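Visitor:
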Amino acid sequence: MGTQGLGITFLTLPLVVRAATGGQWCYDSQDPKCGPSHWKELKATCGGDKQSPVNIDRRRLQRDSALGDILFERYDQAPPGKWRLANDGHTVMLSLASELASEHITISSGGLPGRYRALQLHFHWGSPAGNGSEHTLDGHQLPMELHIVHMNVKYQTLAEAKGHPNGLAVLGFFFQVSETPNTNYNTIVGGLRNVSSAGQSVDLASTFRLDTLLPPPSRLSGYYRYQGSLTTPDCSEVVIWTVFEEPVAIGREQLRAFVSTLHFPADGPRLLKMTNNFRPPQPLGGRKVFASRAATASGAPPGRGRCHLLFPLLLLALLVPFSPHP
Ligand SMILES: *[C@@H]1O[C@H](CO)[C@@H](O)[C@H](O)[C@H]1NC(C)=O
Ligand SMILES: *[C@@H]1O[C@H](CO)[C@@H](O)[C@H](O)[C@H]1NC(C)=O
Ligand SMILES: [Zn+2]
0 MGTQGLGITF LTLPLVVRAA TGGQWCYDSQ DPKCGPSHWK ELKATCGGDK QSPVNIDRRR
60 LQRDSALGDI LFERYDQAPP GKWRLANDGH TVMLSLASEL ASEHITISSG GLPGRYRALQ
120 LHFHWGSPAG NGSEHTLDGH QLPMELHIVH MNVKYQTLAE AKGHPNGLAV LGFFFQVSET
180 PNTNYNTIVG GLRNVSSAGQ SVDLASTFRL DTLLPPPSRL SGYYRYQGSL TTPDCSEVVI
240 WTVFEEPVAI GREQLRAFVS TLHFPADGPR LLKMTNNFRP PQPLGGRKVF ASRAATASGA
300 PPGRGRCHLL FPLLLLALLV PFSPHP
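Under numbering that gives the first Met the number 0, read the sequence shown as residues 0 to 325, first letter to last.
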């Protein structure tokens, strides 16, 4: 078979580790000299005031009733063609883009200013000792986070999208650990061994329905929304973030596969496991995090259902003592 048919393609990566000298970025777990606190030296935007991730403080959410359900299109079909899984030296990434507009997987509605097509998904995780989500919830980090990156369909290229504050829409999903595996993740988890070194990639045996990676559809109404950035350099402040309340369940062993299978770019003969590939929360500054119509309100009862029940009961309790009795 020709190069096209090779299952594994070894990409030549430019120097990645010589960060301090070579102008490359990394995570502290790879080399503190090029970790997140140094990114702004490489790219001033990383020191901007609309950076991601952020801590989502559920006591300070602002309800936005205009944030209804997101419309997921083609999330329920396995597209023809191939999906390539790659270790890009910072994460494991699944490319979703298709050349054919008719095959685009898109999101719209839910307060998004237009339609956005899926480009890629990737993950952020911790170590055997600690959680590794990027967004935090009330100050707590969760075990892992999935990002599905979408680009506004009115832009043709990523470079063009990066020129506009509404250029990208990223969906973020937290994970929670379960004792049983989530078999919907078998294809991705199975492919990790094929991309254990930085620069490796592999075509997955088959595509699959993207919605199988998400929580059940009935749980996708609850989400948090804010305006932020890419969480890796160049940290472009062009991302409409949607972070879902409901976590995805993943088996303990499956999570372990992420933490222990992949490696950062080798620094000489030294192989360093890819762990803690998350950026810590950035200042919210003057921004607000909005809660969708169906998201759990802080300290208050969740959603509409319980409110409807509670209000008449409260009213009744207030009125009854004053009612004239026959
Ligand atoms: C992926 O790796 C496994 C062994 O871990 C191997 O059996 C399989 O052929 C590889 N797949 C591809 C497409 O290279
Ligand atoms: C890690 O995440 C779990 C939820 O899956 C949580 O119970 C635990 O407190 C988290 N650990 C830390 C140190 O935040
Ligand atoms: Zn990400």
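Think of the CB as a built atom: it goes at the ideal place given N, C-alpha and C, for glycine as much as any other residue.
All values derive from a computational prediction rather than experimental measurement.
1) Of the residues Leu261, Thr260 and Gly80, which one's Cα is nearest the Cα of Thr206?
2) May I have the straight-line CA-CA distance separating Leu139 from Gly171, to the nearest angstrom?
3) Give me the Cα-Cα distance between Ser108 and Ala204, rounded to the nearest whole angstrom.
4) May I ask which residues mark the beginning and end of the alpha helix (DSSP H) holding Val188?
5) Between which two residues does the alpha helix (DSSP H) carrying Trp38 extend?
6) Span of the alpha helix (DSSP H) holding Phe207?
7) Closest to Thr90 by C-alpha separation, out of Arg58, Ser97, Glu133 and Ser177, would be which residue?
8) With a threshold of 16 other CB atoms inside 10 Å of the CB of Gln281, please say whether the residue is buried or exposed.
9) Find the nearest neighbour of Glu98 within the set Ala128, Gln29 and Thr156, judged by alpha-carbon distance.
10) How many Å lie between Arg208 and Val152 at the Cα?
11) By the DSSP assignment, the alpha helix (DSSP H) with Glu252 in it spans what residues?
12) To the nearest angstrom, how far is the alpha carbon of Glu252 from that of Gly131?
13) Is Asn54 near ligand 2, judged by its Cβ being under 8 angstroms from some heavy atom?
14) For the alpha helix (DSSP H) that contains Ala160, what are its first and last residues?
15) Which same chain residues end up closer than 6 angstroms to Pro211 when comparing Cβ atoms and leaving out the 5 residues on each side of it in sequence?
16) Over the uninterrupted beta strand (DSSP E) stretch that includes His149, give me the two end residues.
17) Flag this pair as touching only if the segment 258-267 and the segment 31-39 have three or more C-beta atom pairs under 8 angstroms; answer yes or no.
18) What's the gap between the Cα of Asn54 and the Cα of Pro78?
19) How many Å lie between Ser36 and Ser235 at the Cα?
20) Bridge partners for Ser107 per DSSP, in chain order?
21) Count Cβ pairs between the segment 266-279 and the segment 236-249 that sit closer than 8 angstroms; are there 3 or more?
22) Kindly give me the distance between the Cβ atoms of Met150 and Arg116, rounded to whole angstroms, as I take these residues to be in contact under 8 angstroms.
Guide: In short:
1) Comparing alpha carbon positions, the residue from Leu261, Thr260 and Gly80 closest to Thr206 is Gly80.
2) Correcting the residue identity first, residue 139 is His in this sequence and not Leu. Cα-Cα distance, rounded: 15 angstroms.
3) Our two residues, Ser108 and Ala204, have alpha carbons roughly 32 angstroms apart in a direct line.
4) Note, Val188: alpha helix (DSSP H), Asn185 to Leu191.
5) Run containing Trp38: Trp38 to Leu41, per the alpha helix (DSSP H) assignment.
6) DSSP places Phe207 outside any alpha helix (DSSP H), giving it a letter other than H or E.
7) For Thr90, the nearest C-alpha among the options comes from Glu133.
8) Taking a 10 Å sphere around the C-beta of Gln281, we find 16 or more other C-beta atoms and assign the residue as buried.
9) Nearest C-alpha to Glu98: Thr156.
10) Each residue's Cα considered, the two are about 21 angstroms apart.
11) Run containing Glu252: Arg251 to Thr260, per the alpha helix (DSSP H) assignment.
12) So the two alpha carbons sit approximately 16 angstroms from each other.
13) Answer for Asn54: no, Cβ out of range of ligand 2.
14) Residue range Leu157 to Ala160 is occupied by the alpha helix (DSSP H) that includes Ala160.
15) Checking the sequence, you will find Thr at residue 211 rather than Pro. Excluding residues within five positions, the ones whose Cβ falls inside 6 angstroms are Asn183.
16) Looking at the DSSP string, the run of the beta strand (DSSP E) that includes His149 is Met143 to Asn151.
17) Cβ pair count under 8 angstroms is below three, so no.
18) Here the alpha carbon of Asn54 sits roughly 35 angstroms from the alpha carbon of Pro78.
19) Rounded to the nearest angstrom, the two C-alpha atoms are 16 angstroms apart.
20) Paired residues: Leu70.
21) As far as the Cβ criterion goes, the segment 266-279 does not touch the segment 236-249, which means the pair count is below three.
22) Indeed they touch by this definition, with Cβ atoms about 6 angstroms apart.
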